[in-house]
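Read the structure below first, then the notes.
Written out as structure tokens, the structure reads:
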């Protein structure tokens, strides 16, 4: 009886950790893309300024 309860709790925790992990990964990739965009814009501005 106690083991079943523990197994169910562990399964729930596993599911929760997996879903939060997915959310964390998407947040990380979103943050990286948000960091990447300004860098690209700055590089483009520098190249444009050099060509001008």
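Numbering (our numbering), first residue to last: 2 to 53. Ideal Cβ placement from N, Cα and C applies to all residues, glycine included.
In the displayed model, residue 53 falls within coil according to three-state DSSP, outside both helix and strand. Looking at the backbone, the Cα of residue 32 and that of residue 12 are separated by about 30 Å.
For residue 36 and residue 27, the gap between their C-alpha atoms comes out near 14 Å.
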